[in-house]
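When we follow this note's numbering, the leftmost residue of the sequence shown carries the number 1, and every step to the right adds one. We treat Cβ as the ideally placed atom computed from N, Cα and C, and that holds for glycine. Below is one structure, written out as structure tokens; the observations come after it.
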Amino acid sequence: MKFIGQDDKETIFSRFRSHVSSGKADFFKAVGIDFVFGKREGPFVWDATSGKRLINCHCNGGVFNLGHRHPRIISALKESLAELDIGNHHLVSEMRAALGARIAALTPGDLSYTVFGVGGGEAIDLAIKLARGYTGRLNVVSAGGGYHGHTGLALAAGDGRYRDPFGPNPPGFRQVPFDDKEALSAAVDRDTAAVIFETIPATYGMPVPQPDFFQHARRLCDQAGALLIIDEVQTGLGRTGRMWGIEHFGVVPDIMVMGKGLSGGIYPMTATCFRPALESFFQQNPFIHISTFGGAEVGVPVAMAVLEETARPGFLQHVRQLSRRFRSGFESLK
Numbered sequence: 001m002k003f004i005g006q007d008d009k010e011t012i013f014s015r016f017r018s019h020v021s022s023g024k025a026d027f028f029k030a031v032g033i034d035f036v037f038g039k040r041e042g043p044f045v046w047d048a049t050s051g052k053r054l055i056n057c058h059c060n061g062g063v064f065n066l067g068h069r070h071p072r073i074i075s076a077l078k079e080s081l082a083e084l085d086i087g088n089h090h091l092v093s094e095m096r097a098a099l100g101a102r103i104a105a106l107t108p109g110d111l112s113y114t115v116f117g118v119g120g121g122e123a124i125d126l127a128i129k130l131a132r133g134y135t136g137r138l139n140v141v142s143a144g145g146g147y148h149g150h151t152g153l154a155l156a157a158g159d160g161r162y163r164d165p166f167g168p169n170p171p172g173f174r175q176v177p178f179d180d181k182e183a184l185s186a187a188v189d190r191d192t193a194a195v196i197f198e199t200i201p202a203t204y205g206m207p208v209p210q211p212d213f214f215q216h217a218r219r220l221c222d223q224a225g226a227l228l229i230i231d232e233v234q235t236g237l238g239r240t241g242r243m244w245g246i247e248h249f250g251v252v253p254d255i256m257v258m259g260k261g262l263s264g265g266i267y268p269m270t271a272t273c274f275r276p277a278l279e280s281f282f283q284q285n286p287f288i289h290i291s292t293f294g295g296a297e298v299g300v301p302v303a304m305a306v307l308e309e310t311a312r313p314g315f316l317q318h319v320r321q322l323s324r325r326f327r328s329g330f331e332s333l334k
């Protein structure tokens, strides 16, 4: 069955405007972008009607780390569909157990437990809930202008542009400038449940922090009895040349969140990973957090294939080589 190229561009924009988002349709028309995703393969995307080919440098924040429709990922999903479905989110799962063990083997330090979700905001919400539940504290320190998603607690920890139109922020959230050690020191105290940062804040302009910033954050959390949450949704799975961006800074967080790229661009999957001590919070009520589609069994082989490809010998070296090539090219344009 053919899905792409059934309608002309004017019809596509008209339907999108009438039934999906008039604001987006008008915005892209106003700035002269009428591209509609059609065929996609590897690093390339083609316009659905004109056939114009582009290199996808956007990558949906890391969703397409492995490119579009990677053959190994497509194969994993096809094989999965022959045997699996969503599964039951309450019961013990062979598939989630296997994926959790694989993630534990690849994450830094002793991040040996994982709760699965579907979207990054959901995964961040859980990270903050876990920090509050485990510590019995309320306050959360994050970076002003940062981004953690559009759901409740994730939105509260993020950029005011997305939060303020919906009313006052819930209590307990405090923001500091990213990479400001002095401001962070003043913000963290014995009432702090967690400090949460993206390793490299994407919507903040992608600044790379000082080499000792996260070590400073780690010390402050340890001194105050707070937890350090690292959001690796956009920096994880090889995007920085290391498996996890935080590895560049020699720090092990208490909670680490991954997403986007774990989907392989094919099946949505996120993971909130945490140290063994924190799992005690769920022992009180193992059903206190539920995600119907989180860790769906049909998607587990996709995530496993993503991890296999990313951990393959030479993969990260290739990322670093391409990084140097792009950097050299961009610097020549200055």
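Residues that residue i bridges to, as DSSP identifies them
i, result
"Ala-194", "Val-140, Leu-227"
"His-289", "According to DSSP, His-289 bridges with nothing at all."
"Gln-175", "Ser-142"
"Glu-41", "Phe-44"
Nearest-angstrom beta carbon gap, residue j and residue i [assumed within contact, 8 Å]
i, j, result
"His-70", "Gly-264", "6 Å"
"Gly-146", "Phe-173", "Not a contact, Cβ separation roughly 12 Å."
"Val-195", "Ile-229", "7 Å"
"Asp-231", "Val-252", "So it is not a contact: roughly 15 Å between Cβ atoms."
"Tyr-113", "Cys-273", "7 Å"
"Arg-275", "Gly-225", "Not really, about 14 Å apart at Cβ, beyond 8 Å."
"Gly-250", "Val-319", "Rounded, the Cβ-Cβ distance is 20 Å, inconsistent with contact."
Buried/exposed call for residue i, threshold 16 Cβ in 10 Å
i, result
"Cys-57", "exposed"
"Gln-223", "exposed"
"Asn-65", "buried"
"Gly-158", "buried"
"Lys-52", "exposed"
"Val-20", "exposed"
"Val-31", "exposed"
"Met-269", "buried"
"Gln-283", "exposed"
"Ser-142", "buried"
"Phe-287", "exposed"
"Gly-23", "exposed"
"Glu-198", "buried"
"Arg-239", "buried"
"Lys-260", "buried"
"Leu-227", "buried"
"Ser-323", "exposed"
"Ser-328", "exposed"
"Pro-168", "exposed"
"Leu-262", "buried"
"Pro-211", "exposed"
"Gln-234", "buried"
"Leu-81", "exposed"
"Ala-131", "buried"
"Met-95", "buried"
"Met-243", "buried"
"Leu-138", "exposed"
"Pro-313", "exposed"
Does the pairing of the stretch 306 to 314 with the stretch 156 to 172 give three or more beta-carbon distances under 8 Å? no
Hey, which unbroken runs of the beta strand (DSSP E) at 3 residues or more fall wholly within the stretch 49 to 73? 53 to 55
Runs of beta strand (DSSP E) wholly within the stretch 111 to 169 (minimum 3 residues, chain order): 113 to 117, 139 to 143
Which parts of the stretch 208 to 287 are runs of the beta strand (DSSP E), unbroken and 3 residues or longer, counting only runs that do not cross its ends? 227 to 231, 255 to 258, 270 to 274
Any contact of the stretch 141 to 155 with the stretch 108 to 128, i.e. 3+ C-beta pairs under 8 Å? yes
Flag this pair as touching only if the stretch 276 to 294 and the stretch 76 to 89 have three or more C-beta atom pairs under 8 Å; answer yes or no. yes
Stretch-stretch touch, CB-based, cutoff 8 Å, three pairs: the stretch 110 to 121 with the stretch 178 to 187: no
Would you check if there are 3 or more beta carbon pairs closer than 8 Å linking the stretch 37 to 50 to the stretch 3 to 12? yes
Cβ pair count under 8 Å reaching 3, the stretch 205 to 221 against the stretch 90 to 107: no
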